[in-house]
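Undergrad:
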Amino acid sequence: MSKGILNTRVSFYEYVPNDGPEPGEKKSKELYKSWAKVDEVWLKDIEIAKSNGTLSDVTITIRNPGRTYQPNNKHYLSIDSDYYRDKDFNIKHVRPDLKNRGFIQVIAGVSS
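This is the structure in structure tokens:
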């Protein structure tokens, strides 16, 4: 994977419970920031995605941060792009990029 493909900035963070009596959560500290390749649901997979309710999922490919940061399903990410502005994505799954072991893929969906 060439450097030019990792052309979108992403931030990983966690949520914490709101202070006070109101239920809910709020963004907490930023855990990690990286350049990424962002892929949406492929056109050929659109019908499957609709039936699974995963139409808004994205796959983020980043360099493997090693021990610096390990994303997991308790974390969220934001994508620094006009198209994704004000959308928070909940991490669903993390896997190695089988084509290039120096990278990992993070599958995330819009959090409700």
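Going by numbering that gives the first Met the number 0, the first residue of the sequence shown is number 0, and it counts up by one from there.
Even glycine gets a Cβ: it sits at the ideal position worked out from N, Cα and C.
Every value quoted in this text rests on a predicted model; they were computed, and no experiment measured them.
(1) Roughly how many angstroms separate the alpha carbons of residue 110 and residue 30, rounded to a whole number?
(2) Could you please give the first and the last residue of the uninterrupted beta strand (DSSP E) stretch that includes residue 108?
(3) Counting only the same chain and skipping the five closest in sequence on each side, list residues whose C-beta sits under 7 Å from that of residue 101.
(4) Within the same chain, show all residues whose beta-carbon is closer than 8 Å to that of residue 115, passing over the 5 residues directly before and after it, in chain order.
(5) Taking 7 Å as the threshold (C-beta atoms), are residue 91 and residue 106 in contact?
(6) Could you compute how far the alpha carbon of residue 70 sits from the alpha carbon of residue 10?
(7) For residue 75, does the count of other Cβ atoms within 10 angstroms reach 16, so buried, or fall short, so exposed?
(8) Grab the span of the beta strand (DSSP E) containing residue 89 for me, first residue to last.
(9) Count the other C-beta atoms from every protein chain shown that fall within 10 angstroms of the C-beta of residue 38, then say buried if there are 16 or more, exposed otherwise.
TA: If we stick to the structure as given:
(1) Mapped onto the sequence shown, residue 110 falls at position 111. Mapped onto the sequence shown, residue 30 falls at position 31. Distance between the alpha carbons of residue 110 and residue 30 is about 18 Å.
(2) Locating residue 108 in the sequence shown gives position 109, counting from the first residue. That run of the beta strand (DSSP E) goes 102–109.
(3) Indexing the sequence shown from 1 puts residue 101 at position 102. Here the set comprises 62, 63.
(4) Coverage of the chain is limited to positions 0 through 111, which leaves residue 115 absent and any answer about it impossible.
(5) For this step, residue 106 is matched to residue 107 along the sequence shown. For this step, residue 91 is matched to residue 92 along the sequence shown. A contact, by the Cβ cut-off of 7 Å.
(6) Within the sequence shown, the letter at position 71 stands for residue 70. Within the sequence shown, the letter at position 11 stands for residue 10. When rounded, the distance between both Cα atoms is 11 Å.
(7) As a working mapping, residue 75 is identified with position 76 in the sequence shown. Label assigned to residue 75: buried.
(8) Here residue 89 refers to the residue found at position 90 of the sequence shown. For residue 89, the enclosing beta strand (DSSP E) has its first and last residue at 88–95.
(9) Stepping through the sequence shown from its first residue, residue 38 is reached at position 39. The residue is exposed, with fewer than 16 neighbouring Cβ atoms inside 10 Å.
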